[in-house]
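*Asks:*
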Amino acid sequence: MSEAPSAYALAAVHLYPDVLNIYGDRGNVIALRYRCEARGIRLTVLDVSIGDPFDPEAADIVLVGGGQDREQRRIAADLVARGPALRAAIDAGLPALVVCGGFQLFGHRYVDHQGGIIPGISVFDLETRHPGPRADRCIGDVVLETPEGEVVGFENHGGRTYLAPGQAPFGRVLRGFGNNAEDGTEGARTKNAIGTYLHGSLLPKNPALTDELILLALRRRYGPDVTLAPLPDDAERAAHATAARTAERRSRARS
Ligand code: GLN
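This is the structure:
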C-alpha cells in the first residue's frame, strides 16, 4: 500500500458557494483543504455557481451547502440542468458531500412550506416535504452512528426527508431529529455520494469522515492502493467530543 505522495493533486468543485452557504458550510471546504495540504496533497477548489461551466468528469469531489427555501429556488433550474451529468458522474463513483438544502435537491423534489415544488436531480431515491408553516423546525445538536464511526453536527431544517425502500441512509440517529424525526435515519448515501442535514460545519469536527472523502477521491483518481498517513487530530477530536457531550447534555435537559 502506497501512502499519498506529495505529487498527488485533487480538484474539488464547490457548487453554488455564493448562494448555498448557510451556517458556514464553507467550513467543509476549509477542512478538506487542510487535511489534504497537511499531507502534501494539492487541493484545487473550483467555485461553480449559476450559469458557470463545469464538467463533473474533471472533478474529484463535489461539495454543496445548505440554504433557505428562497435560495434553493434560486439555484434549482441550474442544478436540474446539471442533473444528468452529476448523476452519471456520481453513478461512476464521484465522491460528493451535499448538505441540508443541497441534500434535499439531490433527491427527487422538495415540497416547501407553501406546497410549492422545487425539483431535484434524483441522485438519491428520496423526497422531502415541509409539513407546513405551523410545524416546528428540526433544530439542534445531532449525533449519528455511521460506517465512519460517530459523527456530530447541527441541524436546522423544516423539510422532512423520506428515503425510498432500498435507499441507504448516511447514518442512524443517536441524538437529534435526522431526516424526519420518525424513522431514525439521517441523510442518504449512494455509492460515494453522501447527503446529510448536518451543518456545523460538518467536516472540521469529523476528521475520519473528511479523510474517508479524501481517500475515496484519491483512490478513484490514482488507484485502489493509495492510503492516507494519519494526522495529529487532537484539536478535531476535542471539538468532536465537546459537540457530543453538548448533544447529550441538551438531550437530557429536554427529557
Ligand atoms: N430550506 C430547507 C428546509 O428548511 C433547508 C434548510 C437548510 O439548508 N438549513 O428544510
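If you use the working numbering, the sequence shown corresponds to residues 321 to 575, in order.
Each residue gets a CB set at the ideal place from its N, CA and C atoms; glycine is no exception.
Quick caveat, the model's predicted, so the values are computed rather than measured.
How would you call residue 575, buried or exposed, if buried means at least 16 neighbouring beta carbons within 10 angstroms?
*Replies:* Within the sequence shown, numbered from 1, the residue matching residue 575 stands at position 255. So residue 575 counts as exposed.
*Asks:* With hydrogens ignored, establish whether the beta-carbon of residue 410 is closer than 7 Å to any heavy atom of ligand 1.
*Replies:* In the sequence shown, counting from the first residue as 1, residue 410 sits at position 90. No, the beta carbon of residue 410 sits no closer than 7 Å to any heavy atom of ligand 1.
*Asks:* From 380, 413, 397 and 417, pick the residue whose C-alpha is nearest to that of residue 594; which is it?
*Replies:* Look at the range of the chain in this structure, 321 to 575, and you will see that residue 594 is not part of it.
*Asks:* When we look at the beta-carbon of residue 505 and count the other beta-carbons within 10 Å, is it buried (16 or more) or exposed?
*Replies:* Translated into positions along the sequence shown, residue 505 becomes position 185. Buried, because 16 or more other Cβ atoms sit within 10 Å of the Cβ of residue 505.
*Asks:* For residue 569, does the count of other Cβ atoms within 10 angstroms reach 16, so buried, or fall short, so exposed?
*Replies:* As a working note, residue 569 is residue 249 in the sequence shown. The residue is exposed, with fewer than 16 neighbouring Cβ atoms inside 10 Å.
*Asks:* Roughly how many angstroms lie between the CA atoms of residue 514 and residue 525, to the nearest whole one?
*Replies:* Here residue 514 is taken as the residue at index 194 of the sequence shown, counted from 1. Here residue 525 is taken as the residue at index 205 of the sequence shown, counted from 1. If you take the alpha carbons of residue 514 and residue 525, they lie about 16 Å apart.
*Asks:* Please specify which runs of the beta strand (DSSP E), each continuous and at least 3 residues long, are wholly inside the segment 456-541, giving them in chain order.
*Replies:* 458-466, 469-477, 480-483, 491-495, 508-510 and 513-516
*Asks:* Taking 8 Å as the threshold (C-beta atoms), are residue 446 and residue 392 in contact?
*Replies:* As a first step, residue 392 is located in the sequence shown; it is residue number 72 there, counting from the start. As a first step, residue 446 is located in the sequence shown; it is residue number 126 there, counting from the start. The answer is no: Cβ separation not under 8 Å.
*Asks:* Taking 8 Å as the cut-off, decide whether the C-beta atoms of residue 422 and residue 384 are in contact.
*Replies:* Counting from 1 along the sequence shown, the entry for residue 422 is found at position 102. Counting from 1 along the sequence shown, the entry for residue 384 is found at position 64. Cβ atoms of residue 422 and residue 384: closer than 8 Å.
*Asks:* Is residue 554 helix, strand or coil by DSSP?
*Replies:* In the sequence shown, residue 554 corresponds to position 234, counting from 1. Residue state, collapsed to three classes: helix.
*Asks:* Is DSSP giving residue 321 helix, strand or coil here?
*Replies:* Against the sequence shown, residue 321 aligns to sequence position 1. Bear in mind that the predicted position of residue 321 carries a pLDDT of just 45, short of 50, making it unreliable; the figure below should be weighed with that in mind. Shown here, residue 321 sits in coil according to DSSP, grouped into three states, outside any helix or strand.
*Asks:* Examine ligand 1 and report whether any of its heavy atoms sits within less than 7 Å of the Cβ of residue 434.
*Replies:* Here residue 434 corresponds to residue number 114 of the sequence shown, with the count starting at 1. False, no ligand heavy atom lies under 7 Å from that Cβ.
*Asks:* Roughly how many whole angstroms lie between the Cα atoms of residue 532 and residue 369?
*Replies:* The residue you call residue 532 lines up with position 212 of the sequence shown. The residue you call residue 369 lines up with position 49 of the sequence shown. In a straight line, the C-alpha of residue 532 is about 26 Å away from that of residue 369.
*Asks:* Quick one: what does DSSP say residue 395 is sitting in, helix, strand or coil?
*Replies:* Start at 1 with the first residue of the sequence shown, and residue 395 comes out as number 75. DSSP places residue 395 in helix when its eight states are reduced to three.
*Asks:* Name, in chain order, the residues that DSSP records as bridge partners for residue 439.
*Replies:* Here residue 439 corresponds to residue number 119 of the sequence shown, with the count starting at 1. DSSP output for residue 439 lists 429 as bridge partner(s).
*Asks:* Using a threshold of 8 Å, state whether the C-beta atoms of residue 375 and residue 541 are closer than that.
*Replies:* By one-based count along the sequence shown, residue 375 stands at place 55. By one-based count along the sequence shown, residue 541 stands at place 221. Their beta carbons are not under 8 Å apart, which means residue 375 does not touch residue 541 by this criterion.
*Asks:* Under three-state DSSP, which class holds residue 381?
*Replies:* For the purposes of this step, residue 381 is taken as residue 61 along the sequence shown, with counting starting at 1. Three-state DSSP puts residue 381 in a strand.
*Asks:* So, under 8 Å CB-CB, residue 389 and residue 433 are touching, yes? Tell me the CB distance rounded to an integer number of Å.
*Replies:* In the sequence shown, counting from the first residue as 1, residue 389 sits at position 69. In the sequence shown, counting from the first residue as 1, residue 433 sits at position 113. Yes, residue 389 and residue 433 are in contact; Cβ-Cβ is about 7 Å, under 8 Å.
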